[in-house]
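Participant: In the order they appear, the protein sequences are chains A and B. This note's numbering numbers the first residue of the first sequence as 1 and each following residue consecutively. This note's numbering numbers the first residue of the second sequence as 95 and each following residue consecutively. Ideal Cβ positions, reconstructed from N, Cα and C, are used throughout, including at glycine. Bear in mind that the values here come from a model prediction, so they are computed numbers and not experimental data. Take a look at this one; I'll ask things after.
Protein chains: 2
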Amino acid sequence: MGFAETFKALSDPVRREILMLLKEKPLSAGEIGSHFEMTGATISYHLNILKKADLVTEEREKNFIFYDLNVSVVEEVMLWLSDLRGGDGDEKRA
Amino acid sequence: MGFAETFKALSDPVRREILMLLKEKPLSAGEIGSHFEMTGATISYHLNILKKADLVTEEREKNFIFYDLNVSVVEEVMLWLSDLRGGDGDEKRA
DNA sequence: TATCTAATTAGATATTTTTCTAAATAATAT
DNA sequence: ATATTATTTAGAAAAATATCTAATTAGATA
Numbered sequence: 001m002g003f004a005e006t007f008k009a010l011s012d013p014v015r016r017e018i019l020m021l022l023k024e025k026p027l028s029a030g031e032i033g034s035h036f037e038m039t040g041a042t043i044s045y046h047l048n049i050l051k052k053a054d055l056v057t058e059e060r061e062k063n064f065i066f067y068d069l070n071v072s073v074v075e076e077v078m079l080w081l082s083d084l085r086g087g088d089g090d091e092k093r094a
Numbered sequence: 095m096g097f098a099e100t101f102k103a104l105s106d107p108v109r110r111e112i113l114m115l116l117k118e119k120p121l122s123a124g125e126i127g128s129h130f131e132m133t134g135a136t137i138s139y140h141l142n143i144l145k146k147a148d149l150v151t152e153e154r155e156k157n158f159i160f161y162d163l164n165v166s167v168v169e170e171v172m173l174w175l176s177d178l179r180g181g182d183g184d185e186k187r188a
């Protein structure tokens with residue numbers, strides 16, 4: 001699945017903010033866009049990058065496309081960082 | 095300290111590999127460079143980005159500059175991800 | 001079917017990033 | 001003081017990224 005894509009996706013502030021919005025609940029592309037001073041096209045571009053990185057899932061409902069955070073990939077990134085940091089990821093009980 | 099800089103620094107594969115090398119032990123700029131097919135100048139550029147993101151520390155010793163991983167910033171990134179993921183970061187015991 | 005709304009795709013541009021070569025610093029050793 | 005070694009800085013070129021406007025697609029509804 002590739003950490004390169006995932007970290008790349010996380011490296012942009014707009015995309016991190018989108019993820020934080022999705023933390024609360026799934027939102028349509030339009031709802032997401034309304035939080036930013038950007039065109040829908042640009043939001044779509046960012047959503048696509050998040051989707052490719054598997055950080056979000058999309059689901060069609062009527063005329064809308066709802067995006068949702070994919071927690072499992074977030075956890076995979078945490079594991080990578082945990083490995084970098086060394087130890088067993090549960091240092092406080094070592 | 096700024097997550098933007100930190101995530102940006104983590105978004106490059108060369109820089110992530112450098113961090114993984116430093117996980118083992120501090121290394122000089124030259125030793126780091128010898129792991130890559132790049133000029134020392136380019137390695138220096140990457141080290142500078144990691145330094146600005148506070149992901150590595152540097153220490154002079156004789157004619158060498160040794161770089162070391164700064165674990166605490168890695169942990170801060172993990173906390174950000176933990177927040178994104180929701181819950182208390184210790185889900186398995188919830 | 002025609003039209004409306006939500007969202008994406010295409011193409012262009014500006015900015016940022018990565019990399020190089022060459023020159024400059026810093027510290028050590030002769 | 002000079003030369004040597006390790007590393008960084010400066011400046012330039014190539015590649016990737018983020019953004020826009022305009023056009024297109026997908027689905028829903030009249």
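#1: Just list the residues that DSSP pairs A/D68 with in beta bridges.
#2: With 16 other CB atoms within 10 Å as the buried threshold, where does A/A4 fall?
#3: For A/Y45, count neighbouring C-beta atoms within 10 Å of its own C-beta (all shown protein chains included) and say buried if the count is 16 or more, exposed if not.
#4: Ignore the nearest five residues each way along the sequence and tell me which others in B/I137's own chain have a CB closer than 7 Å to its CB.
#5: Please work out which residues of its chain come closer than 8 Å, Cβ to Cβ, to B/R67, disregarding the five sequence neighbours upstream and downstream, and give them in chain order.
#6: Would you decide whether B/T133 is buried or exposed? Buried here means 16 or more other CB atoms lie within 10 Å of its CB.
#7: Exposed or buried, which one is B/R187 when buried takes at least 16 other CB atoms within 10 Å?
#8: Can you tell me which of B/L178, B/E155, B/G180, B/L115 puts its alpha carbon nearest to the alpha carbon of B/N164?
#9: Please list the terminal residues of the continuous alpha helix (DSSP H) segment that includes A/M38.
#10: Which residues in the same chain have their Cβ closer than 8 Å to the Cβ of A/V77, if we skip the five residues on either side of it in sequence?
#11: Below 8 Å CB to CB, which residues in the same chain sit around B/K146 once its five sequence neighbours on both sides are set aside?
#12: Do you know whose CA, among A/V74, A/D12, A/P26, A/L84, lies nearest A/F66's CA?
#13: I'd like to know whether the C-beta of B/A188 is nearer than 8 Å to at least one C-beta of chain A.
#14: How would you write the range of the alpha helix (DSSP H) that B/K117 sits in, first residue to last?
#15: Just how far apart, CA to CA, sit A/L81 and A/L47?
#16: Below 7 Å between beta carbons is the criterion; list the residues of the segment 141-171 of chain B that meet it against any residue of chain A, in chain order.
#17: Mind pulling the chain B residues with CB within less than 9 Å of A/K23?
#18: Strictly below 9 Å CB to CB, what residues from chain A border B/F101?
#19: Below 8 Å on the Cβ atoms is my contact criterion, and I expect B/D148 with B/V168 to pass it. Report the Cβ-Cβ distance as a whole number of Å.
Facilitator: The structure says:
#1: A/T57
#2: exposed
#3: exposed
#4: Sequence-distant Cβ neighbours of B/I137 in its own chain, meaning closer than 7 Å and more than five residues away, are A123, I126, G127, F130.
#5: What the structure shows of chain B is the stretch from 95 to 188, and residue 67 of chain B is not part of that stretch, so it cannot be assessed.
#6: Flag for B/T133 reads exposed.
#7: Its pLDDT being 40, under 50, B/R187 is placed unreliably in this model, and the value from its coordinates should be taken loosely. By the 10 Å Cβ count, B/R187 comes out exposed.
#8: Comparing Cα positions, the closest option is B/L115.
#9: Element bounds for A/M38: n/a, residue is neither H nor E.
#10: Once the five neighbours on either side are set aside, the close Cβ partners of A/V77 are F3, T6, F7, L10.
#11: E99, A103
#12: A/P26
#13: Low local confidence applies: a pLDDT of 38 at B/A188 is under 50, so the model's placement there is unreliable, and no value is given.
#14: 107-118
#15: 24 Å
#16: V165, V168, E169, V171
#17: By Cβ distance, chain B contributes D177, L178, R179, G180.
#18: F7, L10, S11, D12, P13, R16
#19: Going by Cβ atoms, the distance from B/D148 to B/V168 rounds to 10 Å, so no, they are not a contact pair.
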